[in-house]
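Student: Input: one structure, supplied below.
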Amino acid sequence: SLLIEWLRNINTQMLLILLLPISLMQLLLSQAAAFLVSNHRCGRHNSSLWSPAALRATSTLDDPNIQHINQLLMDKKQELLHDPSKLNEHSPLSIVPEDNDLRDTFVSTEQRVYETLLSSRLDLPFLNRAIVGPSKIEGGGRGLFATEDIKEGDVITCYPGDALLCELPSTDEGGEDDSFDFEDDENEAVNEVVLWGTHVPKGHRWDDDTVFDGSKSKPPLTSYGVTMNDVYSVMGHPSLDDNPAYIGHFSNDGAGHLAYEMPDSPRNIEASLELGLDTESSDFGVEDNIAAYVLKSFDVANAMHQPLDADEFHMVTVAIRDITKGEEILVTYGPDYWISDYAGHIADAEEDS
Numbered sequence: 128s129l130l131i132e133w134l135r136n137i138n139t140q141m142l143l144i145l146l147l148p149i150s151l152m153q154l155l156l157s158q159a160a161a162f163l164v165s166n167h168r169c170g171r172h173n174s175s176l177w178s179p180a181a182l183r184a185t186s187t188l189d190d191p192n193i194q195h196i197n198q199l200l201m202d203k204k205q206e207l208l209h210d211p212s213k214l215n216e217h218s219p220l221s222i223v224p225e226d227n228d229l230r231d232t233f234v235s236t237e238q239r240v241y242e243t244l245l246s247s248r249l250d251l252p253f254l255n256r257a258i259v260g261p262s263k264i265e266g267g268g269r270g271l272f273a274t275e276d277i278k279e280g281d282v283i284t285c286y287p288g289d290a291l292l293c294e295l296p297s298t299d300e301g302g303e304d305d306s307f308d309f310e311d312d313e314n315e316a317v318n319e320v321v322l323w324g325t326h327v328p329k330g331h332r333w334d335d336d337t338v339f340d341g342s343k344s345k346p347p348l349t350s351y352g353v354t355m356n357d358v359y360s361v362m363g364h365p366s367l368d369d370n371p372a373y374i375g376h377f378s379n380d381g382a383g384h385l386a387y388e389m390p391d392s393p394r395n396i397e398a399s400l401e402l403g404l405d406t407e408s409s410d411f412g413v414e415d416n417i418a419a420y421v422l423k424s425f426d427v428a429n430a431m432h433q434p435l436d437a438d439e440f441h442m443v444t445v446a447i448r449d450i451t452k453g454e455e456i457l458v459t460y461g462p463d464y465w466i467s468d469y470a471g472h473i474a475d476a477e478e479d480s
């Protein structure tokens with residue numbers, strides 16, 4: 128594609144300036160690893176959630192599924208606005224009662240409607256284009272596969288908001304009767320609240336420690352998360368895998384394995400050569416390792432996660448090129464995801480030692 132060709136032709140350093148914060152260039156350096164491990168333990172988890180804001184699929188306007196989903200969302204929005212009892216019944220909640228009590232102080236009816244739509248799973252029998260199966264990506268676990276040919280720009284599936292990661296505002300900004308403007312960048316969030324969709328069985332709702340840090344048998348739920356906007360991220364539950372309309376969280380990154388490789392590893396050298404990087408240069412190192420991942424991930428990706436539209440009531444997984452039946456659906460997680468994941472592995476290893 129034109130994007131890949133452009134990325135190949137520009138200077139590696141310029142690529143990193145455009146795509147990565149400076150801290151990301153220190154993936155394999157011990158000081159950065161220690162910094163990331165410290166932040167991993169202290170609860171700064173948002174870095175693992177990949178934001179789709181920088182990328183968009185070509186167009187989804189011609190896909191009738193978009194229009195159908197939009198209409199269903201608008202109908203449900205009006206229903207919730209006009210029926211407070213139904214809104215109370217379907218609003219997502221934290222498993223921590225105090226968080227719910229505090230949120231009641233700030234969250235408006237419109238915001239609760241938004242959260243309810245974002246965390247809902249609609250009845251979408253027409254969206255049956257993919258299935259979960261063993262991934263072909265090394266270490267990928269389960270993956271997502273097309274069950275029919277899919278055109279570029281078409282919706283493949285929805286990315287579920289089985290749980291929402293939401294910023295909790297500071298109570299120092301005003302009294303209990305003051306409303307909180309979630310769009311105001313001047314407000315400071317002091318906590319992150321996990322809100323569970325009402326469709327998630329209570330036995331599947333994890334405590335906050337497991338959501339953020341995982342357990343011996345479960346990865347963190349944040350590893351199944353995508354940032355929707357500055358306030359909300361959506362997280363898909365790994366146990367909810369039988370609805371083809373909501374399985375976007377099973378799509379893998381086709382180049383994620385490169386993130387753990389040393390710059391001079393055979394596979395990284397091979398990937399770098401494929402992408403036209405100068406592996407003989409004395410400057411070839413960590414920066415090129417990250418650049419190789421970014422370029423390779425873009426190169427093999429055939430889909431991306433993005434908001435359904437400007438209202439951001441749903442996240443969807445959209446084809447960025449034509450996909451053939453049986454092909455694995457691959458997206459780009461972004462460097463932040465792998466750095467956070469790498470830090471988590473180090474932290475876990477140190478705790479076990």
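The numbering used here applies: residue 128 is where the sequence shown begins, and numbers increase by one. A virtual CB, placed ideally from N, CA and C, is assigned to each residue, including glycine. Quantities reported herein were computed from a predicted structural model and do not represent experimental measurements.
Identify which residue in D276, G267, G381 has its Cα closest to the Cα of N255.
Tutor: Nearest of D276, G267, G381 to N255, Cα basis: D276.
Student: Exposed or buried, what is E455 when buried is set at 16 or more other beta-carbons lying within 10 Å of its beta-carbon?
Tutor: When all chains shown are included, E455 counts as buried.
Student: Compute the distance between the beta-carbons of Y286 and G363, then report whether it is under 9 Å.
Tutor: In this structure, G363 lies closer than 9 Å to Y286 by Cβ.
Student: Could you spell out the range, first to last residue, of the beta strand (DSSP E) harbouring T354?
Tutor: 352-354 is the extent of the beta strand (DSSP E) around T354.
Student: For L435, which three-state DSSP category applies?
Tutor: Correct three-state label for L435: coil.
Student: Our contact map puts I283 next to A430 with C-beta atoms below 8 Å; I'd like the distance itself, whole angstroms only.
Tutor: I283 to A430, Cβ: 6 Å. Contact.
Student: Give the straight-line distance between the Cα atoms of F272 and T232, rounded to the nearest whole angstrom.
Tutor: Near 44 Å, if we compare the C-alpha coordinates of T232 and F272.
Student: Comparing C-alpha positions only, which one of H195, L220, T325 sits nearest to R248?
Tutor: Selected option, being the one with the closest Cα: T325.
Student: Assuming L251 contacts Y359 under a Cβ cut-off of 8 Å, what Cβ separation, rounded to an integer in Å, is found between them?
Tutor: No, L251 and Y359 are not in contact; Cβ-Cβ is about 21 Å, not under 8 Å.
Student: Specify the secondary structure class of F253 as computed by DSSP and reduced to three states.
Tutor: DSSP places F253 in coil when its eight states are reduced to three.
Student: Ends of the alpha helix (DSSP H) at F339?
Tutor: Start and end: 335-340.
Student: Out of S218, L229, F253, P224, which has the shortest C-alpha to C-alpha gap to T236?
Tutor: The candidate whose alpha carbon is nearest that of T236 is S218.
Student: Return helix, strand or coil for D289, following the three-state DSSP convention.
Tutor: D289 falls in the coil class under three-state DSSP.
Student: List the endpoints of the continuous alpha helix (DSSP H) containing T274.
Tutor: T274 -> no alpha helix (DSSP H), and no H or E assigned at all.
Student: Is the beta carbon of S246 sitting closer than 9 Å to the one on W333?
Tutor: No. Outside cutoff.
Student: Pick helix, strand or coil for P148, following the three-state DSSP scheme.
Tutor: Legend: pLDDT at P148 = 41, less than 50; position of this residue unreliable, no value from coordinates given.
Student: Check for me: the alpha helix (DSSP H) holding S212 runs from which residue to which?
Tutor: Start and end: 211-217.
Student: Leaving out the 5 sequence neighbours to the left and right, which residues in its chain are closer than 6 Å to K263 when beta-carbon positions are compared?
Tutor: So the list reads E455, once near-sequence residues are dropped.
Student: Of all the options R269, G352, L244, which has the alpha carbon lying nearest to the alpha carbon of L208?
Tutor: Measuring from the Cα of L208, the nearest candidate turns out to be L244.
Student: With a cut-off of 8 Å on the beta carbons, I'd call V321 and D335 a contact; round off their distance for me.
Tutor: About 6 Å; that satisfies the 8 Å criterion.
Student: Checking the sheet assignment: what are the DSSP bridge partners for E455?
Tutor: F272, per the DSSP bridge assignment.
Student: Relative to the C-alpha of T349, which residue among T451, E319, D369 is closest?
Tutor: For the residues T451, E319, D369, the minimum Cα distance to T349 belongs to E319.
Student: Quick check on DSSP: helix, strand or coil for Y460?
Tutor: Correct three-state label for Y460: coil.
Student: Going by beta carbon distance, what residues of the same chain come within less than 7 Å of R239, once the five residues before and after it are set aside?
Tutor: Answer for R239: L214, S218, listed in chain order.
Student: Locate the alpha helix (DSSP H) running through V240, then write down its first and last residues.
Tutor: Per DSSP, V240 belongs to the alpha helix (DSSP H) from 236-245.
Student: Less than 9 Å separating the beta-carbons of I258 and I447?
Tutor: No.
Student: Using DSSP's beta-bridge definition, name the partner residues of V443.
Tutor: C285, Q433, per the DSSP bridge assignment.
Student: Identify the continuous beta strand (DSSP E) that holds V361 and give its terminal residues.
Tutor: Unbroken beta strand (DSSP E) run through V361: 359-362.
Student: In chain order, what residues of the same chain have a beta carbon less than 6 Å from the beta carbon of T451, not counting five sequence neighbours either side?
Tutor: For T451, where only same-chain residues beyond five positions count, the Cβ hits under 6 Å are D276.
Student: So F440 and L200 are in contact, right, with Cβ under 8 Å, and what is the actual spacing, rounded?
Tutor: That belief holds up - the Cβ atoms of F440 and L200 are roughly 5 Å apart, short of 8 Å.
Student: For G260, does the count of other Cβ atoms within 10 angstroms reach 16, so buried, or fall short, so exposed?
Tutor: Burial call: exposed.
Student: Can you check DSSP and say which residues form a bridge with L220?
Tutor: DSSP, once it has assigned bridges, lists W323 as partnering L220.
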